[in-house]
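Engineer: Numbered by this note's numbering, the letters in the sequence shown go through residues 2 to 231 in order.
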Amino acid sequence: MEWRKCYLDVVLVPMAMLIMIGYHVWLWHKVRLQPLTTIIGTNATGRRLWVSSIMKDNEKKNILAVQTLRNTIMGSTLMSTTSILLCSGLAAVISSTYSVKKPLNDAVYGAHGEFMVALKYVTLLLIFLFSFLCHSLSIRFVNQVNFLVNSPQDPLCLAVTPEYVSELLEKGLLLNTMGNRLFYAALPLLLWIFGPVLVFLCSVTMVLVLYNLDILFACRSKKTDAVGEV
């Protein structure tokens, strides 16, 4: 009887998570091998050029560098604050004596027992916690870049170079991207409260949306045109 109640959760929710994980593994592979065909790889290349330009002409562009990095820090701060607030709300729901599942019993497909409801909220809580951790670490790295990008260039000091500052900036923005993607992954799991079918449908829709946002179709069409001309 229990299997009949939870078989949709056992099948659809892991499938939804595998679709999300599989897409991001494929995207990571794409960024490593063909970076200029993705938004992430193209932006990373542009940021390296930006850091090099700022450090070469620092006296004229130091204010621009500080303002740009401050905006990045503000974005990460907003996301980390939102994540920890959602964690606090979920922790309050988990620890409360009120049973959240009662109003939803008739509307939820799949299992809606005490254990399953607790599993849903704990999973969401962990994802938001990891999102908060990624954004917090991102702020740390970008703060370091904020200092180093304006440091005077000393020919005798080979430690603080544009390449080193670029690496720090890329680590910070990689953590920012990971935090955002974890936050996005929480949306399908949030719909798990209303049943596993919505989790699966939302995950498929989100992968399609992210694919259109992550891939540069203009580069692909240019390559196709170049092959046709040859």
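Note that beta-carbon positions come from the ideal geometry of N, C-alpha and C, so glycine has one too.
Quick one, which of I140, N59, M18 has its alpha-carbon nearest L169's?
Structural biologist: It is I140.
Engineer: Let's test the definition: count the other Cβ atoms within 10 Å of the Cβ of W29 and tell me whether it reaches 16, buried, or not, exposed.
Structural biologist: W29 should be labelled exposed.
Engineer: How about F129 and A186: do their beta carbons lie closer than 8 angstroms?
Structural biologist: Not closer than 8 angstroms, so no.
Engineer: Can you tell me whether T162 is helix, strand or coil according to DSSP?
Structural biologist: Three-state result, T162: coil.
Engineer: Can you find the residues in the same chain that come closer than 6 angstroms, C-beta to C-beta, to K31, ignoring five residues on each side of it along the sequence?
Structural biologist: Only T39 meet the Cβ criterion.
Engineer: Which whole-angstrom value describes the C-beta separation of L176 and L138, a residue pair presumed to lie in contact below a C-beta threshold of 8 angstroms?
Structural biologist: So it is a contact: roughly 5 angstroms between Cβ atoms.
Engineer: Can you list the alpha helix (DSSP H) stretches of 4 or more residues lying completely in the region 167-225, in chain order?
Structural biologist: With a minimum length of 4 residues, the continuous alpha helix (DSSP H) runs that stay inside the region 167-225 are 197-215.
Engineer: For the alpha helix (DSSP H) that contains S81, what are its first and last residues?
Structural biologist: Where S81 is concerned, the enclosing alpha helix (DSSP H) stretches over 59-96.
Engineer: Decide if F218 is buried, meaning its Cβ has at least 16 other Cβ atoms within 10 Å, or exposed.
Structural biologist: Per the 10 Å Cβ criterion, exposed.
Engineer: Let me confirm a value: A160 is counted as buried when at least 16 other C-beta atoms fall within 10 Å, else exposed. Which label applies?
Structural biologist: Exposed, by the Cβ-count rule.
Engineer: Bridge partners of T39, per DSSP?
Structural biologist: Bridge partners of T39: I216.
Engineer: Label D10 either buried or exposed according to how many other C-beta atoms from any shown protein chain fall within 10 Å of its C-beta, with 16 as the threshold for buried.
Structural biologist: So D10 ends up on the buried side.
Engineer: Excluding the five sequence neighbours on either side, which residues of its own chain have a C-beta within less than 8 angstroms of the C-beta of L126, listed in chain order?
Structural biologist: So the qualifying residues of the chain are C88, L91, A92, I95.
Engineer: Using the rule of at least 16 other Cβ atoms within 10 Å of the residue's Cβ for burial, across every protein chain shown, is L50 buried or exposed?
Structural biologist: That one is exposed.
Engineer: Taking the CB atoms as reference points, tell me whether V210 and L13 lie closer together than 8 angstroms.
Structural biologist: Their beta carbons are not under 8 angstroms apart, which means V210 does not touch L13 by this criterion.
Engineer: Helix, strand or coil for V150, going by three-state DSSP, please let me know.
Structural biologist: Three-state DSSP puts V150 in coil, outside helix and strand.
Engineer: Please state whether DSSP places P104 in a helix, a strand or coil.
Structural biologist: A caution first: P104 carries a pLDDT of 45, below 50, which makes its placement in the model too unreliable to give a value.
Engineer: Can you list, in chain order, the residues of its chain whose CB lies under 8 angstroms from that of L192, leaving out five sequence neighbours each side?
Structural biologist: L199, V200, C203, listed in sequence order.
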